[in-house]
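Sequential numbering of the sequence shown, starting at 261, is according to the numbering used here. See below for the structure under consideration.
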Amino acid sequence: MSNKVKQVLLSAIFVAVASPSFANHPVDINDKAQIAIGKSIYQENCAACHGVDRQGPENPKDFGKRKPPRLDAKGHGFHHGDQIHFDQITKGSRNKSGKPIDDGMPPFRDSLSDKEIWATIAFIKSHWPMKMQMMQDKMNPGHAASQGSNHNSEMGSEKGMMMPKKQKSHGH
Ligand code: HEC
């Protein structure tokens, strides 16, 4: 192999490794199988609180001080990266010192596998309009390449999405 060829090959490998599009992102909104898993996990474990259509609880009065937020396009889930959702789902609601909160969200780390949790996040995200998906993808370091091309979403059916005024303006 000539030096020139070697050089070209090496730089191709470097590009492949360095390019974010090759990163192994656990959430893939274009993966129909993953979304299908996420959907059934969601209906079994999450819908009672977050609503069958991710619109929030049917009857907010059933809940204490902590109301489960909506996870659809009108919620603000897209203000957080995938890892923050993952942590919320594995650990549940915690106070500032990390202790579980009684009337908050339960932790799922013992009942769901990591794979199932990522799949649930993929399912939730797959229903956001492309614009929200793209904004949220920016919060996933190195994963911007997966954005947008999702044909599986109910695009446009969840109108009225909130645009963040400032990235960090919401408190919790
Ligand atoms: C018992 C009710 C309950 C169940 C069951 C539940 N949650 Fe939650 N969830 C909450 C509450 C309450 C919050 C608000 C967080 C807080 O107050 O600490 C929340 C917050 C969240 C958030 C953060 C949303 C945001 O906008 O920041 C995500 C994501 C989430 N839940 C996903 C899930 C998923 C996925 C499941 C199922 C695996 C699930 N939840 C099951 C009550 C619940």
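Every residue gets a Cβ at the ideal spot worked out from N, C-alpha and C, and that includes glycine. A quick note: this is a predicted structure, and the numbers were derived from the prediction, not measured.
Item to complete: Taking only the alpha-carbon atoms, compute the straight-line gap between histidine 285 and glycine 402 and give it to the nearest angstrom.
Response: 9 angstroms
Discussion item. Taking 6 angstroms as the limit between beta carbons, can you name the residues of its chain near glycine 358, skipping five residues before and five after?
Written reply: none
Discussion item. Considering only heavy atoms of the ligand HEC, does any lie closer than 8 angstroms to the CB of histidine 340?
Written reply: yes
Fill in: Reduced DSSP category for proline 360 - H, G, I as helix; E, B as strand; rest coil
strand
Worksheet entry | Segment contact flag, the region 368 to 388 with the region 343 to 351, C-beta cutoff 8 angstroms, min 3 pairs | Enough Cβ pairs lie closer than 8 angstroms, so yes.
Item to complete: Note down the Cα distance separating arginine 369 from lysine 391, rounded to an integer number of angstroms.
Response: 30 angstroms
Worksheet item: Is the beta carbon of lysine 321 within less than 8 angstroms of some heavy atom of the ligand HEC?
Response: no
Practice prompt. Using a Cβ cut-off of 9 angstroms (strictly closer), state whether isoleucine 384 contacts chain C.
Written response: The chain labelled as chain C is not found in the depicted structure, where only one protein chain is given.
Discussion item. Nearer than 8 angstroms: is that true of the beta carbon of serine 300 relative to any heavy atom of the ligand HEC?
Written reply: no
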